[in-house]
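Below is one structure; the comments refer to it alone.
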Amino acid sequence: MMKKVLSVLLTIALLLCSVSVFAEAEEKTEVVPGFELIVVVPEGYESLGEEWITPFYVSETLRPTADDKPAIMVVVSYNDAFSDITFNDEMPEADFEAQVNQLVIDEETGEAMPYTVMKTGLGTKVVVINDPDGYTEFYSIWHGYEVSLMSANFDADNHPTPPTDEQIAVIMQFLTDMDFQKVIEDKPVA
Numbered sequence: 539m540m541k542k543v544l545s546v547l548l549t550i551a552l553l554l555c556s557v558s559v560f561a562e563a564e565e566k567t568e569v570v571p572g573f574e575l576i577v578v579v580p581e582g583y584e585s586l587g588e589e590w591i592t593p594f595y596v597s598e599t600l601r602p603t604a605d606d607k608p609a610i611m612v613v614v615s616y617n618d619a620f621s622d623i624t625f626n627d628e629m630p631e632a633d634f635e636a637q638v639n640q641l642v643i644d645e646e647t648g649e650a651m652p653y654t655v656m657k658t659g660l661g662t663k664v665v666v667i668n669d670p671d672g673y674t675e676f677y678s679i680w681h682g683y684e685v686s687l688m689s690a691n692f693d694a695d696n697h698p699t700p701p702t703d704e705q706i707a708v709i710m711q712f713l714t715d716m717d718f719q720k721v722i723e724d725k726p727v728a
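This is the structure in structure tokens:
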């Protein structure tokens, strides 16, 4: 599952880079967001901006401005079918485990990847999966908003390694500070 998620995220990132190259030459249709993604960019990072794929699917990449910071890419999608789901202590443990078990199964091997569960400062549970390839995924659901954050450090040869405990603390604070607000469009009165 992790490799599939990672390959999808990397494909999206490459697609977004390609789109930005041609953006000046061609007018592109702007996606009207269905919600506002509110983030606090951590110290030592700069945002490369939001890229809306659909009104309910957005990605944002944070580029480190210092060598001691991991790269961060967060993808948020709103899924109405999950609107009553929030990974927290109020969610029955059996339901949480069922959701997590679907998430951590490696589709190539059929085996569950090891994971840990952390909590944001507001009590939302975050499933942390360390991919054997060096990437770390942080995944959660909050009132239907699925959040998938990928992070890794890159060495001189561009090989990924997992974030350190200090870096994970910064990522967890980033997730704590993240918020969403529905966009309500006023319809013109006829």
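Take any residue in the sequence shown, note its place counting from 1, add 538, and you have its number in the numbering used here.
Just so you know, even glycine gets a beta-carbon here, dropped at the ideal spot from N, CA and C.
Treat the numbers as computed from the prediction; the structure is a model and nothing was measured.
Closest option to PRO608, judged by alpha-carbon separation, among ASP715, PRO700 and MET716: PRO700. Minimum Cα-Cα distance from ILE667 among the listed residues ASP644, GLU704 and ASN626 corresponds to ASP644.
Secondary structure at PHE676: strand, using DSSP grouped into helix, strand and coil. Residue environment analysis places GLU675 among the buried positions, since at least 16 neighbouring C-beta atoms fall within 10 angstroms of its C-beta. Excluding its 5 nearest sequence neighbours in each direction, VAL596 has C-beta neighbours in its own chain below 6 Å: LEU575, GLU588, TRP590 and VAL614, listed in chain order.
Under the DSSP definition of a beta bridge, ALA694 lacks any partner.
For ASN639, the secondary structure class from DSSP, reduced to helix, strand or coil, is helix. Secondary structure within the segment 600-649: the beta strand (DSSP E) runs of 3 or more consecutive residues, fully enclosed, are 609-616 (chain order).
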